[in-house]
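Just so you know, my numbering puts 60 at position 57 of the sequence shown, and the rest follows in order with no gaps. Glycine included, every Cβ here is placed at the ideal spot set by N, Cα and C. Reviewing the structure listed below.
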Amino acid sequence: MRLWQPASSVARPARVSSPTASLSVMSVGHDGDDWVMQPVSGQAARKSYICPSCNQDIAAGTPHIVAWQEGWSSGVEDRRHWHTACWRRTHG
């Protein structure tokens, strides 16, 4: 998923919400880093991933969290897939 950002010279219609409007932004850790996180339903989870917290498999069909640090390029290489319990344990 690529987040669309308009060029600074292009006006965005007022009724169009921010690309991250449906995502939660959380402040985590002692350093105050902000993370953008998005819950993924089991139905939408079509691939398996490795959770960066426990290094265990997140099987296809398992609801989980996709998160990346706010301000990063938000490209595929920046996103991490977490077990929901691991995310909550690590990030509150």
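CA-to-CA distance, residue j to residue i, given in whole angstroms
i: THR65; j: ASN58; result: 15 Å
i: SER56; j: TRP90; result: 8 Å
i: GLN46; j: VAL39; result: 21 Å
i: LYS50; j: GLN41; result: 16 Å
i: ALA88; j: TYR52; result: 15 Å
i: ARG92; j: ALA63; result: 22 Å
i: HIS33; j: VAL79; result: Only weak support is given to the placement of HIS33: the predicted model assigns it a pLDDT of 48, under 50, and the question is left unresolved by the model.
The ligand GTP heavy atom lying under 7 Å from the CB of residue i
i: HIS84; result: Annotation note on the ligand GTP: not contained in the displayed structure, which lists no ligands.
Proximity winner among the options, relative to residue i (alpha-carbon distances)
i: ALA48; options: HIS67, VAL79 and THR87; result: HIS67
i: HIS84; options: VAL69, SER51 and GLN41; result: VAL69
i: ASP36; options: ALA62, GLY74, PRO42 and TYR52; result: GLY74
8 Å contact criterion, which residue i and residue j should meet: CB distance rounded
i: HIS86; j: CYS54; result: 5 Å
i: TRP71; j: ASP60; result: That belief does not hold up - the Cβ atoms of TRP71 and ASP60 are roughly 20 Å apart, past 8 Å.
Residue span of the beta strand (DSSP E) that contains residue i, given as start and end
i: ARG83; result: 83 to 85
i: VAL43; result: 36 to 43
i: GLN59; result: No beta strand (DSSP E) contains GLN59, which DSSP labels as neither H nor E.
i: VAL69; result: 67 to 72
Assigned secondary structure, residue i (DSSP; H/G/I helix, E/B strand, else coil)
i: THR88; result: Reading off the sequence shown, one finds Ala at residue 88, where the question assumed Thr. Residue state, collapsed to three classes: helix.
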